[in-house]
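> Dropping the structure in here first, questions after.
There are 2 protein chains.
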Amino acid sequence: MDNKVGYQGEVGAFSELAAHHFRPDQTGKLVPIPTFEELFERLSDDTLDEIVIPIENTLYGSVHANYDLLLEHNAHIVQEMKLRVRHNLLVLPGTTYEDIKVVSSHPQALGQCRAFLTARLPHAEIVPSYDTAGSAKKLAAEMAVGHAAIASRAAAKEYNLEVLAEGIESNHENYTRFLLLRPGSAKLDEAKGATFRTSIVYAMQQNIPGALFKSLAVFALRELDLLKIESRPLIGSPFEYVFYLDFKGRLDEVAVGRALDHLEEMAAYVKLLGSYPAGPVVN
Amino acid sequence: MDNKVGYQGEVGAFSELAAHHFRPDQTGKLVPIPTFEELFERLSDDTLDEIVIPIENTLYGSVHANYDLLLEHNAHIVQEMKLRVRHNLLVLPGTTYEDIKVVSSHPQALGQCRAFLTARLPHAEIVPSYDTAGSAKKLAAEMAVGHAAIASRAAAKEYNLEVLAEGIESNHENYTRFLLLRPGSAKLDEAKGATFRTSIVYAMQQNIPGALFKSLAVFALRELDLLKIESRPLIGSPFEYVFYLDFKGRLDEVAVGRALDHLEEMAAYVKLLGSYPAGPVVN
Numbered sequence: 011m012d013n014k015v016g017y018q019g020e021v022g023a024f025s026e027l028a029a030h031h032f033r034p035d036q037t038g039k040l041v042p043i044p045t046f047e048e049l050f051e052r053l054s055d056d057t058l059d060e061i062v063i064p065i066e067n068t069l070y071g072s073v074h075a076n077y078d079l080l081l082e083h084n085a086h087i088v089q090e091m092k093l094r095v096r097h098n099l100l101v102l103p104g105t106t107y108e109d110i111k112v113v114s115s116h117p118q119a120l121g122q123c124r125a126f127l128t129a130r131l132p133h134a135e136i137v138p139s140y141d142t143a144g145s146a147k148k149l150a151a152e153m154a155v156g157h158a159a160i161a162s163r164a165a166a167k168e169y170n171l172e173v174l175a176e177g178i179e180s181n182h183e184n185y186t187r188f189l190l191l192r193p194g195s196a197k198l199d200e201a202k203g204a205t206f207r208t209s210i211v212y213a214m215q216q217n218i219p220g221a222l223f224k225s226l227a228v229f230a231l232r233e234l235d236l237l238k239i240e241s242r243p244l245i246g247s248p249f250e251y252v253f254y255l256d257f258k259g260r261l262d263e264v265a266v267g268r269a270l271d272h273l274e275e276m277a278a279y280v281k282l283l284g285s286y287p288a289g290p291v292v293n
Numbered sequence: 011m012d013n014k015v016g017y018q019g020e021v022g023a024f025s026e027l028a029a030h031h032f033r034p035d036q037t038g039k040l041v042p043i044p045t046f047e048e049l050f051e052r053l054s055d056d057t058l059d060e061i062v063i064p065i066e067n068t069l070y071g072s073v074h075a076n077y078d079l080l081l082e083h084n085a086h087i088v089q090e091m092k093l094r095v096r097h098n099l100l101v102l103p104g105t106t107y108e109d110i111k112v113v114s115s116h117p118q119a120l121g122q123c124r125a126f127l128t129a130r131l132p133h134a135e136i137v138p139s140y141d142t143a144g145s146a147k148k149l150a151a152e153m154a155v156g157h158a159a160i161a162s163r164a165a166a167k168e169y170n171l172e173v174l175a176e177g178i179e180s181n182h183e184n185y186t187r188f189l190l191l192r193p194g195s196a197k198l199d200e201a202k203g204a205t206f207r208t209s210i211v212y213a214m215q216q217n218i219p220g221a222l223f224k225s226l227a228v229f230a231l232r233e234l235d236l237l238k239i240e241s242r243p244l245i246g247s248p249f250e251y252v253f254y255l256d257f258k259g260r261l262d263e264v265a266v267g268r269a270l271d272h273l274e275e276m277a278a279y280v281k282l283l284g285s286y287p288a289g290p291v292v293n
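Protein chains in written order, with the numbering used here: chain A, 11 to 293; chain B, 11 to 293.
Below is the structure:
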């Protein structure tokens, strides 16, 4: 299959790494796209076959912007994976700690590596940048002697930089869950996997007392295990919420179909985001 | 009461704005602190009396880092508020659109104002910075002619900058929920309010089937309305979750006490974060 797979960010971004893991055969056909909005548009107008998006991170939570785009666009999830986010100190080959005067990266990455930077590079100037891979690209392009970037190993390889220190983030429990999407409504395709996960977004009808509890009963009474639940308040409508729900089960199981039918009875809307094999954790 | 109230960020940050709203009498005694970790430490060692933290945002979700700090430290919530995040284009007085060559702000703010920047300042260089108020402070300190910053109205006032354009963010449903914390375990103090909200964090014991559903039953069966529910997976322990839960009710109500006792029966741990009056929405 000759697939054009898009991801957001620069070459060497964590999203590109996830795309490589999802589609190891398509290396070289991965397409970097500047924004998530454009990524979804390119899927809708058929100029991309598949796209990779981050959906939640263990430290920073759900990426609401991508949930919003999933609601707006006609796309569905076909695979998932959890990727460990490891930050590294990248420099031009031959650079030593003593040489480093400036360290650049995305503010989130700089924040995650604050303890390391304070201990090892207390006098370096810290310069925020748009993204981790972008800071590596810029450093390489400008042959910036005395500069360092914080980014992935993949970025080091892409831009021929040296990894001076590895895994410099303070909290190693930093994983991002990525999704691989295809255009069209969610359906079960040829995907194989021992355990399936189904993702939905829904809102309850107003004036149903204990609405959230009732909506979860639909799954609990059919012994479908919940894997993720999150309420997102709608500002301006103080008693309205959107719920993100993932549960264990395949779309073609009787219990899953019945649970979704049951949910429709009391929901204002339900959107099926996908039914796909539970993905690996990539360290 | 002579209160030292701390917040994270520069003067003019949205957290400072929230602190002003929480404690209008303490203006001038608000203390800017560089990091959230330090903020909690200063509360623990009594060099601050109260601190203000963001806990969730309508576009970016829960601030897990602050939930983690709430779990680690002996502090409790005494008030909450939802503050509208409005971004503005700030310049040195007299600057026009034609003069602007560089626009600086936090990458999140730059992203939220992308449509405006593309339409009105297509040729300006976009420079990321650590925070919104910091970009305004730097612009003012350097008297940077031809530069603009994206930040709050409060930052404009603080640094004597002109607001060239107001509310330039694409999505106006941008609200951050802030909490006011005091040291010590959660208790009901003299707080008054028509509606109370109680916040807890808990984890269920392993091997309880339908654990999440059962934990919510504890509240639903006592007709305590849920206001927020979020599961946070513990990476490395694929079937363990931490739950953030807010429900309507005061700690001194019989039903609330019984619900919490009932939850303790099946939880691995429960931490009460606070019981406080439901806060205002500040536009």
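Where a beta carbon is used, it is the ideal one built from N, C-alpha and C, also for glycine.
Does the segment 102 to 118 of chain A come within contact of the segment 142 to 157 of chain A, defined as at least 3 CB pairs closer than 8 Å?
Contact holds: three or more Cβ-Cβ distances are below 8 Å.
> Residues in the same chain with beta-carbon distance under 6 Å from ALA85(B), minus the five sequence neighbours each way, listed in chain order, please.
Result list for ALA85(B): LEU53, LEU191, PRO193, in chain order.
> By the criterion of Cβ-Cβ separation under 9 Å, what are the contact partners of SER285(A) in chain B?
Within chain B, no residue comes near SER285(A); the closest Cβ sits about 19 Å away, beyond 9 Å.
> Applying a beta-carbon distance threshold of less than 8 Å, which residues of chain A neighbour ILE239(B)?
Near ILE239(B) (Cβ distances below 8 Å), the residues of chain A are LEU222, ILE239, GLU240, SER241.
> TYR169(B) to ALA146(B), Cα distance in whole Å?
About 7 Å.
> Taking the alpha-carbon positions, what's the LEU236(B) to VAL15(B) distance?
In a straight line, the C-alpha of LEU236(B) is about 30 Å away from that of VAL15(B).
> Can you check whether the CB of LEU69(A) is closer than 8 Å to the CB of PHE61(A)?
Note that residue 61(A) corresponds to Ile in the displayed sequence, not to Phe. No, the pair does not count as a contact, with Cβ atoms beyond the cut-off.
> Within the 8 Å Cβ cut-off, does SER139(A) reach chain B?
Judged by the 8 Å Cβ criterion, SER139(A) is in contact with chain B.
> Expressed to the nearest angstrom, what Euclidean distance is found between the alpha-carbon atoms of ALA175(B) and ALA125(B)?
Each residue's Cα considered, the two are about 13 Å apart.
> Would GLY104(A) count as contacting chain B if we go by Cβ distances under 8 Å?
Chain B, which has no Cβ nearer than 8 Å to the Cβ of GLY104(A), makes this no.
> Among the residues of its own chain, which have a CB less than 8 Å from the CB of PRO103(A), if the five just before and after it don't count?
Excluding residues within five positions, the ones whose Cβ falls inside 8 Å are ASN170, LEU171, GLU172.
> Which residue's Cα is closest to the Cα of ASN67(A): TYR251(B), PRO219(B), PRO243(B), PRO138(B)?
For ASN67(A), the nearest C-alpha among the options comes from PRO243(B).
> Have a look at HIS133(A) and ASP55(A) and give me their C-alpha separation to the nearest angstrom.
About 49 Å.
> Considering only the beta carbon of each residue, do LEU283(B) and SER209(B) sit closer than 8 Å?
In this structure, SER209(B) lies closer than 8 Å to LEU283(B) by Cβ.
> PRO117(B) touches chain A at which residues, Cβ-Cβ below 9 Å?
Simply HIS116, PRO117, GLN118, PRO138, SER139, TYR140, ASP141.
> Ends of the beta strand (DSSP E) at MET214(B)?
MET214(B) -> beta strand (DSSP E) spans 206 to 214.
> In chain order, what are the residue ranges of uninterrupted alpha helix (DSSP H) at least 4 long that sit wholly in the segment 224 to 280 of chain B?
Taking only runs of at least 4 residues, the alpha helix (DSSP H) segments lying wholly in the segment 224 to 280 of chain B are 264 to 276.
> What residue does the alpha helix (DSSP H) around GLN36(B) start on, and which one ends it?
It is not in any alpha helix (DSSP H) - GLN36(B) carries neither H nor E in the DSSP assignment.
> Spell out whether any CB of chain B is found under 8 Å from the CB atom of HIS133(A).
No, no contact with chain B.
> Grab me the residues of CYS123(B)'s own chain with a C-beta within less than 6 Å of its C-beta, minus the 5 sequence neighbours each way, in chain order.
Only HIS97, ILE160, ILE178, GLU179 meet the Cβ criterion.
> Name the DSSP beta bridge partners of ASN184(A), please?
Paired residues: none, contrary to the question.
> Determine whether the Cβ of LEU236(A) lies closer than 8 Å to any Cβ atom of chain B.
Output row for LEU236(A): interface = yes.
> CA-CA distance, HIS31(B) and LYS39(B)?
HIS31(B) and LYS39(B): Cα-Cα distance of roughly 13 Å.
> Hey, ARG207(B) and LYS258(B) are a contact pair by Cβ (cut 8 Å); roughly how many whole angstroms apart?
Right, the Cβ-Cβ distance comes to about 6 Å (below 8 Å), so this counts as a contact.
> Are the Cβ atoms of LEU79(B) and VAL211(B) separated by less than 8 Å?
Against a cut-off of 8 Å, the Cβ pair of VAL211(B) and LEU79(B) comes out as no contact.
> Chain B partners of ALA230(A), CB-CB under 7 Å?
GLY220, PHE223, listed in chain order.
> DSSP on GLU47(A), reduced to helix/strand/coil?
Residue state, collapsed to three classes: helix.
> Taking the alpha-carbon of ALA288(A) as reference, which of MET214(A), ARG232(A), LYS238(A) has the nearest alpha-carbon?
For ALA288(A), the nearest C-alpha among the options comes from LYS238(A).
> Closest to THR186(B) by CA distance: which of GLY22(B), ALA28(B), GLU47(B) is it?
Of GLY22(B), ALA28(B), GLU47(B), the residue nearest in Cα terms is ALA28(B).
> Going by beta-carbon coordinates alone, are GLN36(A) and SER25(A) separated by less than 8 Å?
Their beta carbons are not under 8 Å apart, which means GLN36(A) does not touch SER25(A) by this criterion.
> Round the Cβ separation of SER285(A) and PRO138(B) to the nearest angstrom and send it over; I've been treating them as touching at under 8 Å.
Not confirmed; about 39 Å, so no contact.
> Using C-beta distances below 8 Å, list every residue in its chain close to ALA265(A), excluding the 5 sequence neighbours before and after it, in chain order.
The residues are ARG232, GLU233, LEU234, GLY259.
> If you measure between the beta carbons of ALA196(A) and PHE229(A), is that distance less than 8 Å?
Cβ distance not < 8 Å, so ALA196(A) and PHE229(A) don't count as in contact.
> What residues in the segment 61 to 78 of chain A have a beta carbon less than 7 Å from any beta carbon of chain B?
Of all residues in the segment 61 to 78 of chain A, THR68, LEU69, TYR70, GLY71, SER72, HIS74, ALA75 have a Cβ within less than 7 Å of some Cβ in chain B.
> Going by CA-CA distance only, name the one from ALA278(A), ASN181(A), LEU198(A), LEU189(A) that's closest to ILE218(A).
Minimum Cα distance to ILE218(A) is reached at ALA278(A).
> Provide the residue(s) that pair with GLY71(A) in DSSP beta bridges, ordered along the chain.
BP columns for GLY71(A) point to ASN67(A).
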